[in-house]
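A.B. asks: Take a look at this one; I'll ask things after.
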Amino acid sequence: MALKLPPVKSSPDLPAKATVAIIGGGIVGISAALALAERGISVVVLEKGQVGAEQSSRNLGWIRKTLRDPSDIPLALAADQLWSQMAQRTGVDVGYRQNGIMFVSDADKDMEMYSSWFKAASELSPESRLITPDEIDQLAPGCERKWKGGLYTPTDGYAEPTLATSALANAAIDKGAVIVENCAVRDLAMTGGRVSGVVTEKGEVAAEHVILASALWSRRFLGNRGISYPTLPMICYVFRTAPIEGPQGPSEIAVAGPNFSFRKHQDGGYVITHRAALGSPITLDHLLIGLRYLKTLKHAAGMIRLLIGKPFIEDLKLARRWKATDISPFEKVRTMDPPADEAINSEALDNIIKAWPQFANATIEESWAGMIDITPDNNPVFGAVDKIPGLTLATGLSGHGFGTGPAAGQLAADLATGADPIVDPSPYRFDRL
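This note's numbering puts the first residue of the sequence shown at 95, with every later residue one more than the last.
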């Protein structure tokens, strides 16, 4: 289901030009626009549907360093700083709480993974620590499941995805950015072998630089330009309970178990997902590039719930090549809105109840699903495409986009305009794929 989002003061008119044009109005593209507008650089965001209506508003809301690839932790640290400034920067309380995130397990293999990550990331995330079963009970009281231990980062946190992107967008508009909703970009405009703007369904916008921040749509957009960019779709199922008294502990930390995750929602309920059940809609891309994901599939084999049939047919209906004068796939699917899986959601709630009986009286008030774009190494792509001078990629966030979104957008803005990057972009270069 589509979530209700605060309205954005989008423009009914398409500007003739801007210094930077951004394709995609998710949290990364919008954060890039705000960073540019704050520097006095003219910027326009073109969003095919509604700002923030896809994965940017459909995630769990976590903002974490824990268990990230060590090469990705500097971006997460930069994001922490920007999230702490969010209320002042936007004038809106987006629910950011630095209450910590705790991963717990009763399996030796998980404890080995926690220990390995802790050793590799301890210098980058010095607040993270391995914790004992007694410490788990102190942080989230009332648990009846016996854990072997956990991994805890007190400086991790969460925010409300349904509020954040809209708040950033309106702040960007107030500082001079132009955002146009329901305006799909069909193609790039090229002059002399270099990007000179974008061609939208409503006309052309001239631009010196273009940022592609279109998440799961980036593969199709680049493919139309003859650029091979590997991503596969995954679906995460999420739900929100009515207000209840849960295992709040001293600071209402967020918790990840082997087959559930939860965090407090600002209305007093909990936002919950099933950590061991992700939907995998089988599409043509699985046949084209699936071998590149063997390592990922081996790691996540027990989590994947295959979706066969309808997703394959629906994907085939969308063109992979088109002209700038044609109706694009992005106009045919304004918002990717996969159905919620109530069986998976109920399973996740049952798993939590077995650990924390306080959830026994919880009722599901709202449920939804979001589609994630996964790269072969689960890390994003930021930077130039050699074959398309003037284009900067900011995509492939692999389910981490909300948490690192503010820093990811600023990095994209830095790279597009030649500013000093907020973090070292070399781990994210496109040619690694």
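Every residue, glycine too, gets a C-beta built ideally from N, C-alpha and C.
All of these numbers come straight from a predicted model, not from anything done at the bench.
1) With a threshold of 6 Å (Cβ to nearest heavy atom), would H359 be considered close to the ligand SAH?
2) Just the C-alpha distance for L147 and A96, rounded to the nearest angstrom, thanks.
3) Starting from S290, trace the beta strand (DSSP E) in both directions and tell me its first and last residue.
4) Quick check: what's the CA-CA separation for A348 versus P327?
5) Starting from the N-terminal side, write out each stretch of the alpha helix (DSSP H) that is 4 residues or longer and does not extend beyond the stretch 394-445.
6) So what's L326 in DSSP terms, helix, strand or just coil?
7) Taking the runs of the beta strand (DSSP E) that are 3 residues or longer, which of them lie wholly in the stretch 324-381?
8) In terms of DSSP beta bridges, what is M465 paired with?
9) Whether or not the stretch 449-468 and the stretch 504-518 are in contact is what I'm after, with contact meaning three or more pairs of Cβ atoms, one per stretch, closer than 8 Å; do they touch?
10) If you follow the alpha helix (DSSP H) that T511 is part of, which residue opens it and which one closes it?
11) Out of curiosity, what's the CA-to-CA distance linking I376 and A181?
12) If you drop the 5 nearest sequence neighbours on each side, which residues of the same chain put their C-beta closer than 8 Å to that of K240?
13) With three or more C-beta pairs closer than 8 Å as the rule, is the stretch 266-276 touching the stretch 131-141?
14) On the DSSP bridge list, what partners appear for S199?
15) Closer than 6 Å by C-beta to N193: which residues in its own chain qualify, once you throw out the five before and the five after it? Chain order, please.
16) Kindly indicate the opening and closing residues of the beta strand (DSSP E) around L224.
17) Which of the three DSSP states is assigned to K142 in this structure?
C.D. replies: A quick look at the data gives this:
1) In the structure on display, the ligand SAH does not appear, and there are no ligands present to speak of.
2) A small fix is needed here, since residue 147 is Ala in this sequence, not Leu. Looking at the two C-alpha atoms, the distance is approximately 7 Å.
3) R288 to T294
4) 26 Å
5) 404-411 and 423-426
6) strand
7) 326-335, 348-351, 354-358, 364-367 and 372-375
8) I329
9) no
10) G495 to T511
11) 40 Å
12) D200 and P227
13) yes
14) G243
15) G251, S345, E346 and I347
16) R223 to I225
17) coil
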